[in-house]
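Undergrad: Right, I'll just put the structure down here and ask away after.
Protein chains: 2
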Amino acid sequence: MSPAIFIDALQDELQSIKYGQDPPELYDPIQYIMSLGGKRMRPLLTLLGAYLFTDDWKKAIRPALGVEVFHNFTLMHDDIMDRAPLRRGQPTVHEKWNGNVAILSGDVMLVNAYQLLLNVEADKLAPALARFSRTAAEVCEGQQMDMNFETRWDVSEAEYIDMIRLKTSVLLGYALELGGLIGGADDETNRQLYEGGMNIGIGFQLKDDLLDVYGDPIKFGKQVGGDIIANKKTFLLIEALAQAKGTIRDELIDWLTRTEFSKPEKVSAVTAIYDQLGIRQLTETRINEYFTRGFTNFDQVNADYDRKMLLIQFARQLVERES
Amino acid sequence: MSPAIFIDALQDELQSIKYGQDPPELYDPIQYIMSLGGKRMRPLLTLLGAYLFTDDWKKAIRPALGVEVFHNFTLMHDDIMDRAPLRRGQPTVHEKWNGNVAILSGDVMLVNAYQLLLNVEADKLAPALARFSRTAAEVCEGQQMDMNFETRWDVSEAEYIDMIRLKTSVLLGYALELGGLIGGADDETNRQLYEGGMNIGIGFQLKDDLLDVYGDPIKFGKQVGGDIIANKKTFLLIEALAQAKGTIRDELIDWLTRTEFSKPEKVSAVTAIYDQLGIRQLTETRINEYFTRGFTNFDQVNADYDRKMLLIQFARQLVERES
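Chains S and F supply the protein sequences, listed in that same order.
With the first letter of the first sequence counted as 1, position 281 gets the number 281 in full-length UniProt numbering; the numbers rise by one all the way through.
With the first letter of the second sequence counted as 1, position 165 gets the number 165 in full-length UniProt numbering; the numbers rise by one all the way through.
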């Protein structure tokens, strides 16, 4: 069994989903955002989770895509809130259509996500939807925290980790747990899958923050330093703000408050401050801690060795990624 | 049994619902919009529907409130899209907080609605949620149609009825059907309840359009003629546009396109055009048609006479309302 089989199955089913037709302003944006691609990490985690416990992993495909549609719904609404012009290099829905269309299409996508999740077998439907709903509310909580952080200079590491846990990681945890649930795993196993997915997810998000500053410009694919230019409250900036004292702090604040600056100059100056404060090493340490916790969770999962290796290899790719 | 018992039970449960706490920007607006009141028609329909078939109607309370939370979610998002400053005489959420808060709080409300609906018994959960999801998507379709109509002058009666059916009436139908489902009614009965609720709902919405022009200013509670002042595409305006010929049409178009006008003068001039065209009578005829269809649906429902009278009396209040 290779992950390509799961990915192909997801893509095939994605092609066949009918979100609706009329009015087109409501449904075209759904088709559009779903066609922009993405790594399909979440539904793949669901299928890998189901395959741990059953050969009939195909019954997890539609629920898995429910998680993917939900994720894309959050992107559509987050892009309105963040006034983002581009998503995966293409115009965002509120730019291509308008804000109202993006609000309402997103609303229908959230309904569509539930519709796909309704394909979970009847005896597992209530827990699958209860856990999904809890997770969905948490993702919104994380987005609100992220927005609240924009105007604060005193965000603690614990607050930041809690925000990315809610905004990003709980859904990765849920995706994997959902697979376990559909596959027939017991509650304790599903809890380990959830925790494992969540811990890997936190490491994944911290790595995102790290790569934006220290990524290889050739491999990274995006502009290195984008977060620094935008004053984005990443793990690195929050740690730097927490640790910088005296003239280093003054210099950092100066860069954060300048309205006119040379972008390359700001990126190299702030990166130099991070270097002085040992932020890179601290971030790498935290990333490793969360990845290690995640793999420890997976160790606790009692399943066929080869099948578990598929999950672990996929998680390793997330750990070792350079883009 | 009196409807007051159902209303009190709904209010008590509404007081006890915990939507969430943190971050407050996410959850305070939910508490706020739910506290603005409203007639609680939808959850009352669910309880009346359940009581037709079971003494244990209290098990329908939380699912019923799921419908009410969903309805208020649509109000929160519609108010953003319509740029409405007031809701039930109080500032709308996007005015009191901001647009982003209204988007994200609304999103969580949609999740909360599903969480409340998860209180349907396990053996009825899948159909309850499948029908709810279909209905929720239709409500969004209706809202998109309504927005599309704003820039069109050639909306047909059939299109308009279809829009209000989707935007308003299917949820009234679903609310009643949900009660039947929870109460243990069979599929055919639930279909009649749905159709009945939907037909009453269409009549109800048409009556809304009528009262805005022909309501008794003392009893109506709102400014009579508000829809005329705002050029709102109501049933009356759509019929007038479809029927007016020659100088009457020119006069109507003139009033619709003036940017400066005396409000009382516009209201009385457009009302006079409606009078000339017999729009009031036509609207009353349609209202009666839909109400009659609704009561015919209820006739088909096989349930205890006294219990059915509670539902029919409630529907009659909607028919005979003057505000």
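We put the CB at the ideal spot given by N, CA and C, even for glycine.
Report the rounded CA-to-CA distance for S/Pro-29 versus F/Glu-159, giving the unit in angstroms.
TA: On the first sequence, residue 29 of chain S is found 29 positions in, with the first residue counted as 1. On the second sequence, residue 159 of chain F is found 159 positions in, with the first residue counted as 1. S/Pro-29 and F/Glu-159: Cα-Cα distance of roughly 23 Å.
Undergrad: Could you please give me the residues that DSSP links to F/Arg-321 through a beta bridge?
TA: Here residue 321 of chain F is taken as the residue at index 321 of the second sequence, counted from 1. In DSSP, F/Arg-321 forms no bridge with anything.
Undergrad: Who are F/Arg-87's beta bridge partners in DSSP?
TA: As a position in the second sequence, residue 87 of chain F is number 87, starting the count at 1. DSSP output for F/Arg-87 lists F/Gln-90 as bridge partner(s).
Undergrad: Mapping DSSP to helix, strand and coil, what is F/Ser-2?
TA: Against the second sequence, residue 2 of chain F aligns to sequence position 2. In the structure shown, F/Ser-2 sits in coil (DSSP, three-state: anything other than H, G, I, E or B).
Undergrad: What residues from the stretch 102 to 113 of chain F come within 7 Å of chain S, judged by C-beta to C-beta, listed N to C?
TA: Taking 7 Å as the Cβ-Cβ cut-off against chain S, the residues of the stretch 102 to 113 of chain F that qualify are Ile-103, Leu-104, Asp-107, Val-108, Leu-110 and Val-111.
Undergrad: Kindly list the residues whose CB is nearer than 6 Å to the CB of S/Leu-176, restricted to its own chain and excluding five residues on each side of it in sequence; keep chain order.
TA: Taking the first residue of the first sequence as position 1, residue 176 of chain S is located at position 176. The residues are Leu-45, Gly-49, Leu-193 and Gly-197.
Undergrad: Within the chosen definition, does the stretch 269 to 287 of chain S reach the stretch 233 to 244 of chain S through at least 3 CB pairs nearer than 8 Å?
TA: Judged by Cβ distances under 8 Å, the stretch 269 to 287 of chain S makes contact with the stretch 233 to 244 of chain S, as three or more pairs qualify.
Undergrad: Going by CA-CA distance only, name the one from S/Pro-63, S/Ile-103, S/Leu-65 and S/Arg-62 that's closest to S/Tyr-27.
TA: Locating residue 27 of chain S in the first sequence gives position 27, where the first residue counts as 1. Considering only alpha carbons, the answer is S/Ile-103.
Undergrad: Do the stretch 306 to 317 of chain F and the stretch 206 to 220 of chain F touch if we need at least three Cβ pairs shorter than 8 Å?
TA: No, the stretch 306 to 317 of chain F does not touch the stretch 206 to 220 of chain F.
Undergrad: Closer than 8 Å, Cβ to any Cβ of chain F: which residues of the stretch 17 to 48 of chain S, in chain order?
TA: From the stretch 17 to 48 of chain S, only Gly-20, Asp-22, Pro-23, Glu-25 and Leu-26 have a Cβ closer than 8 Å to chain F.
Undergrad: Are F/Gly-201 and F/Asn-190 closer than 8 Å when you measure CB to CB?
TA: By 1-based counting over the second sequence, the position of residue 201 of chain F is 201. By 1-based counting over the second sequence, the position of residue 190 of chain F is 190. Contact flag unset, no.
Undergrad: With DSSP as the reference, label F/Gly-20 as helix, strand or coil.
TA: For the purposes of this step, residue 20 of chain F is taken as the residue at position 20 of the second sequence. Coil.
Undergrad: Sort S/Gln-143, S/Thr-151, S/Trp-153 and S/Leu-178 by Cα distance to S/Asp-162 and report the nearest one.
TA: Numbered from its first residue, the first sequence carries residue 162 of chain S at position 162. If we check each option's Cα against that of S/Asp-162, S/Gln-143 comes out closest.
Undergrad: According to DSSP, is S/Asp-216 part of a helix, a strand, or is it coil?
TA: The residue given as residue 216 of chain S occupies position 216 in the first sequence. Correct three-state label for S/Asp-216: coil.
Undergrad: Taking only three categories from DSSP, how would you classify F/Lys-39?
TA: Here residue 39 of chain F refers to the residue found at position 39 when the second sequence is read from its first residue. Note: F/Lys-39 maps to coil in three-state DSSP.
Undergrad: Using the Cα positions of S/Ala-272 and F/Val-139, report the straight-line distance between them to the nearest angstrom.
TA: The sequence position of residue 272 of chain S within the first sequence is 272, counting from 1. The sequence position of residue 139 of chain F within the second sequence is 139, counting from 1. Roughly 54 Å between the two C-alpha positions.
Undergrad: Hey, could you find the ends of the alpha helix (DSSP H) S/Asn-288 is sitting in?
TA: The sequence position of residue 288 of chain S within the first sequence is 288, counting from 1. Start and end: 279 to 300.
Undergrad: Step through the CB atoms of chain F and report whether any lies within less than 8 Å of the CB of S/Glu-141.
TA: The sequence position of residue 141 of chain S within the first sequence is 141, counting from 1. Yes, because at least one Cβ of chain F sits closer than 8 Å to the Cβ of S/Glu-141.
Undergrad: Between the stretch 99 to 115 of chain S and the stretch 75 to 85 of chain F, do three or more beta carbon pairs fall short of 8 Å?
TA: Taking 8 Å as the limit for Cβ pairs, the verdict is that the stretch 75 to 85 of chain F does touch the stretch 99 to 115 of chain S.
Undergrad: Look at F/Ala-128 and F/Pro-63 and say whether their C-beta atoms are less than 8 Å apart.
TA: What you label residue 128 of chain F is simply residue 128 of the second sequence in a count that begins at 1. What you label residue 63 of chain F is simply residue 63 of the second sequence in a count that begins at 1. Result yes, Cβ atoms of F/Ala-128 and F/Pro-63 sit closer than 8 Å.
Undergrad: Can you give me the C-alpha to C-alpha distance between S/Ala-60 and S/Lys-39, rounded to a whole angstrom?
TA: As a working mapping, residue 60 of chain S is identified with position 60 in the first sequence. As a working mapping, residue 39 of chain S is identified with position 39 in the first sequence. Approximately 18 Å, taken between the alpha carbons.
Undergrad: Does DSSP classify S/Gln-223 as helix, strand or coil?
TA: If you number the first sequence from 1, residue 223 of chain S lands on position 223. DSSP places S/Gln-223 in coil when its eight states are reduced to three.
Undergrad: On the three-pair Cβ rule with 8 Å, is the stretch 144 to 158 of chain S touching the stretch 7 to 26 of chain F?
TA: Output reads yes: the stretch 7 to 26 of chain F touches the stretch 144 to 158 of chain S.
Undergrad: If the cut-off is 7 Å on Cβ atoms, which residues from the stretch 71 to 101 of chain S count as contacting chain F, listed in chain order?
TA: Listed by position along the chain: His-77, Ile-80, Met-81 and Asn-100.
Undergrad: Which residues bound the alpha helix (DSSP H) around F/Ala-113?
TA: Here residue 113 of chain F refers to the residue found at position 113 when the second sequence is read from its first residue. It spans 99 to 117 - the alpha helix (DSSP H) in which F/Ala-113 sits, taken as one unbroken run.
Undergrad: Under 8 Å, with one C-beta from each stretch per pair, do the stretch 162 to 172 of chain F and the stretch 257 to 267 of chain F reach the 3-pair mark?
TA: No, the stretch 162 to 172 of chain F does not touch the stretch 257 to 267 of chain F.
Undergrad: Does chain S have any CB closer than 8 Å to the CB of F/Ala-128?
TA: Your numbering for residue 128 of chain F matches position 128 in the second sequence. For F/Ala-128, the answer is no, since every Cβ of chain S falls outside 8 Å of its Cβ.
Undergrad: Distance, Cα to Cα, F/Thr-74 vs F/Leu-171?
TA: As a first step, residue 74 of chain F is located in the second sequence; it is residue number 74 there, counting from the start. As a first step, residue 171 of chain F is located in the second sequence; it is residue number 171 there, counting from the start. Taking the straight line joining both Cα atoms gives about 11 Å.
Undergrad: Can you grab the Cα-Cα spacing for the pair F/Gly-225 / F/Leu-252, in whole Å?
TA: For the purposes of this step, residue 225 of chain F is taken as residue 225 along the second sequence, with counting starting at 1. For the purposes of this step, residue 252 of chain F is taken as residue 252 along the second sequence, with counting starting at 1. Each residue's Cα considered, the two are about 15 Å apart.
Undergrad: Using only the alpha-carbon positions, how far apart do F/Ile-33 and F/Asp-123 sit?
TA: Locating residue 33 of chain F in the second sequence gives position 33, counting from the first residue. Locating residue 123 of chain F in the second sequence gives position 123, counting from the first residue. So the alpha carbons of these two residues sit roughly 32 Å apart.
Undergrad: Can you pull the chain S neighbours of F/Asn-148, defined as C-beta to C-beta under 9 Å?
TA: Counting from 1 along the second sequence, the entry for residue 148 of chain F is found at position 148. Ordered by position in chain S, the residues that pass the 9 Å Cβ test against F/Asn-148 are Pro-23 and Glu-25.
Undergrad: Ends of the alpha helix (DSSP H) at F/Thr-257?
TA: Translated into positions along the second sequence, residue 257 of chain F becomes position 257. 246 to 257 is the span of the alpha helix (DSSP H), which, as asked, contains F/Thr-257.
Undergrad: Write down the C-beta distance between F/Asp-209 and F/Asp-227 rounded to the nearest angstrom, noting that I regard them as a contact closer than 8 Å.
TA: As a working mapping, residue 209 of chain F is identified with position 209 in the second sequence. As a working mapping, residue 227 of chain F is identified with position 227 in the second sequence. The pair is a contact, with the Cβ atoms about 7 Å apart (cut-off 8 Å).
Undergrad: Within its chain, find whatever has a CB closer than 7 Å to the CB of S/Thr-54; leave out the 5 residues flanking it on each side and keep chain order.
TA: Against the first sequence, residue 54 of chain S aligns to sequence position 54. Closer than 7 Å at the Cβ level, and outside the excluded window around S/Thr-54, lie Gly-183 and Gly-184.
Undergrad: Between F/Ala-60 and chain S, is the shortest Cβ-Cβ distance under 8 Å, so that the two count as touching?
TA: The residue given as residue 60 of chain F occupies position 60 in the second sequence. Not closer than 8 Å to any Cβ of chain S, the Cβ of F/Ala-60 fails to qualify, so no.
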